[in-house]
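Asks: Here you go, one structure.
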DNA sequence: GTCTATAAAGCGATAGAC
DNA sequence: GTCTATCGCTTTATAGAC
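Residue numbers (our numbering), protein chains in the order written: chain A, 352 to 538; chain B, 352 to 538.
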């Protein structure tokens, strides 16, 4: 389990997995130490602000990943339709067909909502805006594109909840497939 | 804040609100005491199994409420279409347009998922099955009805996540309205 | 930069008086 | 049935050696 890590950026993915699996409150320093192989001394050296700074750093890293991998192609990519297809494929891979929780969504349902309010709002607002931009580039009206984008992002989050509660990854794939069909049907 | 309560059933709604606001781990006995007005002695008198029994009792009460108010009319009510309309209206009221979390959905995203796995699975399975039954009674095929029911239940959960993260109840109402329109369009 | 030791507080749960 | 006092454990965070 112990890993040799010497850069703050290398710890973030491991940290993210602990927060995803146990939530903010359940991610005790003992579990974080076990998952990263870093003692408290090292952790507080990298994150002087303690657990709150660790979670904030993880959220920032997640936001950066989605911006790079998903939002940017939707907004600025040469082929909006291909960017939308890529988004659905990337979501299935990233959330492991619903086995892996969306940390931002999980934080939104827990009492971490207030503490990280800005990060949560920005994450979903950016996602909806990027997808709406792609749909507009495909000819949808601004209002229609925004509504459709909201529905898709909501469907992804709902699919994660359902798949985890039912213990069934097929429902995740099914719901994402329907969302994809609905949003690409009219363009 | 302190209330005079003398029956176990009277405590459950207050308990539920504490779990909803703070999650399972965040719902400390101190907070539960503050919300219910009951000391630890009384709480362990009503719930000898401690916090786990409290949460299980809350989940059971929630399941009973949905069964009575939503599932039964969908399954057995005289007017399936009216039962579906009632479901959407009841959801908007129950979840306060996304201000109030679905405890079952929140538990599914947290590490409470394994501990209460059966209750979570049953809640969503019953919801999907009841809605699918209503749609079948309206003439949809079994497969089509089941898929549509999954999409609606997922949309409700996704709408809660989005509304809470964006701090915007309008998105909840909007998404539920679209889900309702989509599911009632073809019947 | 990483460790151990420890502080200070909060946790769930129990015991026993009333 | 409700209370207070308390146990034993875990928590986050800090201090200081190396």
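Backbone N, C-alpha and C define an ideal beta-carbon position, used for all residues, glycine too.
Remember, predicted model here, so these are calculated numbers, not experimental data.
What does the alpha-carbon distance come out to for the pair residue 482 of chain A and residue 366 of chain A?
Replies: 28 Å
Asks: The ligand FAD and residue 359 of chain B: does the residue's C-beta get closer than 7 Å to at least one heavy atom of that ligand?
Replies: This structure simply doesn't include the ligand FAD, nor any ligand for that matter.
Asks: Helix, strand or coil: how does DSSP classify residue 453 of chain B here?
Replies: The DSSP-derived three-state label of residue 453 of chain B is coil.
Asks: In terms of residue numbering, what span does the alpha helix (DSSP H) encompassing residue 372 of chain A cover?
Replies: 359 to 377
Asks: Hey, residue 475 of chain B and residue 504 of chain B are a contact pair by Cβ (cut 8 Å); roughly how many whole angstroms apart?
Replies: 6 Å
Asks: In three-state terms, what does DSSP make of residue 354 of chain B?
Replies: Confidence at residue 354 of chain B is low in this model, with a pLDDT of 45, below 50, so its placement is unreliable and the value that follows should be read with caution. DSSP places residue 354 of chain B in coil when its eight states are reduced to three.
Asks: State the CB to CB distance for the pair residue 461 of chain B and residue 375 of chain B, rounded to an integer number of angstroms; the pair is presumed to be in contact (CB under 8 Å).
Replies: 7 Å
Asks: Establish whether the CB of residue 529 of chain A and some CB of chain B are separated by less than 8 Å.
Replies: yes
Asks: Could you have a look at residue 458 of chain A and say whether DSSP puts it in helix, strand or coil?
Replies: helix
Asks: Quick check: the Cα distance between residue 439 of chain B and residue 491 of chain B, rounded to an integer number of angstroms?
Replies: So the alpha carbons of these two residues sit roughly 19 Å apart.
Asks: How should residue 448 of chain B be labelled, buried or exposed, when 16 other C-beta atoms within 10 angstroms of its C-beta is the threshold for buried?
Replies: buried
Asks: Can you have a look at residue 354 of chain B and say buried or exposed, based on whether 16 or more other CB atoms are within 10 angstroms of its CB?
Replies: Legend: pLDDT at residue 354 of chain B = 45, less than 50; position of this residue unreliable, no value from coordinates given.
Asks: On a Cα-Cα basis, can you pick out the residue from B:444, B:406, B:529 that is closest to residue 454 of chain B?
Replies: B:406
Asks: Is any beta-carbon of chain B found at less than 8 Å from that of residue 493 of chain A?
Replies: no
Asks: Using a Cβ-Cβ cut-off of 8 Å, state whether residue 462 of chain A counts as contacting chain B.
Replies: yes
Asks: Run through chain B and tell me which residues come within less than 8 Å of residue 487 of chain A, C-beta to C-beta.
Replies: Those within 8 Å of residue 487 of chain A in chain B number zero; the least Cβ separation is about 18 Å.
Asks: Quick check on DSSP: helix, strand or coil for residue 429 of chain A?
Replies: coil
Asks: Below 8 Å on the Cβ atoms is my guess for residue 526 of chain A versus residue 506 of chain A; work out the distance and round it to an integer in Å.
Replies: 6 Å
Asks: Mapping DSSP to helix, strand and coil, what is residue 446 of chain B?
Replies: coil
Asks: Identify the continuous alpha helix (DSSP H) that holds residue 404 of chain B and give its terminal residues.
Replies: 402 to 417
Asks: What separation, rounded to the nearest whole angstrom, lies between the Cα atoms of residue 417 of chain A and residue 404 of chain B?
Replies: 39 Å
Asks: What's the C-alpha gap between residue 352 of chain A and residue 373 of chain A?
Replies: Its pLDDT being 40, under 50, residue 352 of chain A is placed unreliably in this model, and the value from its coordinates should be taken loosely. Answer to the nearest angstrom: the Cα atoms are 17 Å apart.
Asks: Under 8 Å, do residue 397 of chain B and residue 362 of chain B count as touching if we go by C-beta distance?
Replies: yes
Asks: Since residue 529 of chain A is in the alpha helix (DSSP H), which residue starts that stretch and which ends it?
Replies: 520 to 536
Asks: For a quick check, are the C-beta atoms of residue 522 of chain B and residue 456 of chain A less than 8 Å apart?
Replies: no
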